[in-house]
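The structure appears below as structure tokens.
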Amino acid sequence: MADKMWAGRFSKEVDETVNAFNSSISFDGRMYRHDIQGSMAHAEMLGECGIISKEDSRSIISGLEGILSDIDSGKLEMDMTAEDIHMFIEAELTKRLGDVGKRLHTSRSRNDQVALDIRLYLRDEISEIMTLVVKLTETLCNMALKHTETIMPGYTHLQRAQPVTLGHHLMAYAQMLVRDLGRLEDAGKRMNFCPLGSCALAGTTYKIDRNMTAEKLGFEAPMANSLDGVSDRDFCVELCCAISLLMTHLSRFSEEIIMWCSWEFKFIELDDAYATGSSIMPQKKNPDVTELIRGKTGRVNGDLMTLLSMLKGLPLAYNKDMQEDKEAIFDAVDNVKLCLKTFIPMIDTMKVNAENMRAAAAGGFINATDCADYLVKHGMPFRDAYKITGRLVAECIDKGLTLETLPLESYRELSELFSEDVYEAIRLETCVRERKSEGGPAPESVLKQIEITRNQLEAYYE
Ligand code: ARG
74 MADKMWAGRF SKEVDETVNA FNSSISFDGR MYRHDIQGSM AHAEMLGECG IISKEDSRSI
134 ISGLEGILSD IDSGKLEMDM TAEDIHMFIE AELTKRLGDV GKRLHTSRSR NDQVALDIRL
194 YLRDEISEIM TLVVKLTETL CNMALKHTET IMPGYTHLQR AQPVTLGHHL MAYAQMLVRD
254 LGRLEDAGKR MNFCPLGSCA LAGTTYKIDR NMTAEKLGFE APMANSLDGV SDRDFCVELC
314 CAISLLMTHL SRFSEEIIMW CSWEFKFIEL DDAYATGSSI MPQKKNPDVT ELIRGKTGRV
374 NGDLMTLLSM LKGLPLAYNK DMQEDKEAIF DAVDNVKLCL KTFIPMIDTM KVNAENMRAA
434 AAGGFINATD CADYLVKHGM PFRDAYKITG RLVAECIDKG LTLETLPLES YRELSELFSE
494 DVYEAIRLET CVRERKSEGG PAPESVLKQI EITRNQLEAY YE
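If you're matching positions, the sequence shown starts at 74 in the working numbering and goes up one per residue.
Spelled out as structure tokens, the structure:
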């Protein structure tokens, strides 16, 4: 077992089970790069402020560089009996440098160190997630562009309601994703303050320069209060919240895709590379990817609950409960990336069955509102037009007809305002083409939505 750095006060070794229970290296080991990055900035500052000698500062930095490259190359393996990544790296440094290594932790605590490491780590993750969300949004824009005329039923209560186009439908998701980008960006901005120098909780008597480390590490500024610096995990909650909502969007989309590739809908077909078979039923082609995304959304919501519940009763400042933050936020981050990475090519390669979409839109009296609007445009008040159209629909159902096949005499029996051009007015293509209100499904409106979305994406290209 690794020697404890805090062994001085203790007369016994820590129980093995307790040690394993306490240790976090199995999950915080992934932050080694960020831990080293933070330590380098700290060592540099200690040297420049004259708290340790310039020479010691330089040896520490090159020692840390060596450790970094040895972990990267696999030459140095992490000791899984170490308490955490911070202890492991410091112990390794001391093993390599002797007494000089022991100077690194001057005017620092693991409390500000871990708070720093998570921020540095998540900052990188946020930008990776955002890149993927931008890519998905672009994919949707490109696909929508191809489907501005692909008519499909729009639903409310999962009942056919009014005709839209696939392009219009896809752009709804694109807009959700643009809001997700805003939330991720916002979480990143608020996260970008540096806790280093808060030390254990009460700052330090050394003349450190917190602005210097904050700046070296690319933060906006040092955190203003040292107690807050070590106690704050709001940034984990905020990021997890943004991820939960992003997952919720992917999950709703997944649910639709699951329906769309059922035999009942047959609106799309997934590429073979993104579907799976059954071990017993030879005919099956299952949308497992989308179901997993739907399932993982529940898991990520669980991560959010873990974080909120872990924090809600904690007094200031650091409490060991906070070690539980990492598995939850890492799980959320890992899973949303996995989901995006599979979802994007799956969407990109799925085949659209435009005929089936149109056929589904042609049933179910989806143009009834347009029939009522026809009467309104000829001077009838909407409520009366609504009633007459309702009666027309009832008559069609009775006779096994549709509004398109109902003879003109039947129309005129209920209102003299109807003439031959009603059939043109209720054609699905007309219904869609004429819905050119801003944000609507008309091809020209959808083109505008694509343009708006692409402009919004501009802000995220570097
Ligand atoms: N492994 C700990 C964590 O993840 C690091 C901070 C430990 N600090 C302490 N005072 N025990 O939270």
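Think of the CB as a built atom: it goes at the ideal place given N, C-alpha and C, for glycine as much as any other residue.
A quick note: this is a predicted structure, and the numbers were derived from the prediction, not measured.
Can you tell me the Cα-Cα spacing of Arg183 and Ser99, whole angstroms? Taking the first residue of the sequence shown as 1, we reach residue 183 at position 110. Taking the first residue of the sequence shown as 1, we reach residue 99 at position 26. Spanning the two alpha carbons is a distance of roughly 17 Å.
For Arg367, which three-state DSSP category applies? For the purposes of this step, residue 367 is taken as residue 294 along the sequence shown, with counting starting at 1. Here Arg367 sits in helix by DSSP.
Could you check whether Met244 and Ala217 sit closer than 7 Å to each other, using their CB atoms as the reference points? Along the sequence shown, read from residue 1 onward, the residue named residue 217 stands at position 144. Along the sequence shown, read from residue 1 onward, the residue named residue 244 stands at position 171. For Ala217 and Met244, yes; Cβs fall inside 7 Å.
Would you mind reading off the limits of the beta strand (DSSP E) that contains Val495? Within the sequence shown, numbered from 1, the residue matching residue 495 stands at position 422. It is not in any beta strand (DSSP E) - Val495 instead sits in the alpha helix (DSSP H) that spans 495-498.
Please report the residue range of the beta strand (DSSP E) in which Arg183 lies. As a first step, residue 183 must be located in the sequence shown, where it is residue number 110. Counting along the chain, Arg183 falls outside any beta strand (DSSP E), though it belongs to the alpha helix (DSSP H) covering 183-219.
State yes or no: is the C-beta of Gln529 within less than 7 Å of the C-beta of Ser97? The residue labelled residue 529 in the question sits at position 456 within the sequence shown. The residue labelled residue 97 in the question sits at position 24 within the sequence shown. Not in contact: Gln529 and Ser97 (Cβ atoms no closer than 7 Å).
Three-way DSSP call (helix, strand, coil) for Ala515 in this model: Position 442 of the sequence shown, counting from 1, holds the residue named residue 515. Three-state result, Ala515: coil.
Look at Ala434 and Leu501 and say whether their C-beta atoms are less than 7 Å apart. As a first step, residue 434 is located in the sequence shown; it is residue number 361 there, counting from the start. As a first step, residue 501 is located in the sequence shown; it is residue number 428 there, counting from the start. It is a contact, given that the beta carbons lie within the stated cut-off.
Look at the alpha carbon of Asn426 and the alpha carbon of Leu213, and state the distance between them as a whole number of angstroms. Position 353 of the sequence shown, counted from the first residue, corresponds to residue 426. Position 140 of the sequence shown, counted from the first residue, corresponds to residue 213. Straight-line spacing of the CA atoms in Asn426 and Leu213 works out to 17 Å.
Proximity below 7 Å, CB of Ser327 to CB of Arg367: Along the sequence shown, read from residue 1 onward, the residue named residue 327 stands at position 254. Along the sequence shown, read from residue 1 onward, the residue named residue 367 stands at position 294. Yes, the pair counts as a contact, with Cβ atoms nearer than the cut-off.
Taking the C-alpha atoms as reference points, what is the distance between Val505 and Met285? To locate residue 505, count along the sequence shown from 1; it is residue 432. To locate residue 285, count along the sequence shown from 1; it is residue 212. Cα to Cα, Val505 sits roughly 59 Å from Met285.
Helix, strand or coil at Arg233 [DSSP, three-state]: Mapped onto the sequence shown, residue 233 falls at position 160. Strand, per DSSP.
Indicate the three-state DSSP secondary structure (helix, strand or coil) for Cys334 in the structure shown. Here residue 334 refers to the residue found at position 261 of the sequence shown. Three-state DSSP puts Cys334 in coil, outside helix and strand.
Assuming Met113 contacts Leu195 (C-beta within less than 8 Å), just tell me the rounded distance between them. For the purposes of this step, residue 113 is taken as residue 40 along the sequence shown, with counting starting at 1. For the purposes of this step, residue 195 is taken as residue 122 along the sequence shown, with counting starting at 1. Actually they are not in contact, since the Cβ atoms of Met113 and Leu195 sit about 19 Å apart, beyond 8 Å.
From Asp394, Asn298, Thr238, Ile402, pick the residue whose C-alpha is nearest to that of Tyr228; which is it? Reading the sequence shown from its first residue, position 155 is the one you call residue 228. The shortest Cα separation from Tyr228 among Asp394, Asn298, Thr238, Ile402 belongs to Thr238.
Determine contact between the segment 457-468 and the segment 429-448, defined as no fewer than three beta-carbon pairs at a distance below 8 Å. yes
Straight-line CA distance for Phe416 to Thr422? Stepping through the sequence shown from its first residue, residue 416 is reached at position 343. Stepping through the sequence shown from its first residue, residue 422 is reached at position 349. If I take the Cα positions, the gap works out to 10 Å.
Ile162 versus Glu198, Asp101, Arg192, Leu193, residue with shortest Cα-Cα distance: Sequence index remark: in the sequence shown, residue 162 carries index 89 (1-based). Shortest Cα-Cα distance from Ile162 to any of Glu198, Asp101, Arg192, Leu193 involves Asp101.
Among Asp157, Phe455, Lys148, nearest to Lys399 - alpha-carbon criterion: Within the sequence shown, the letter at position 326 stands for residue 399. Nearest of Asp157, Phe455, Lys148 to Lys399, Cα basis: Asp157.
Please classify Ile353: does DSSP put it in a helix, a strand, or coil? Locating residue 353 in the sequence shown gives position 280, counting from the first residue. In this structure, DSSP gives Ile353 a state outside helix and strand, which the three-state scheme calls coil.
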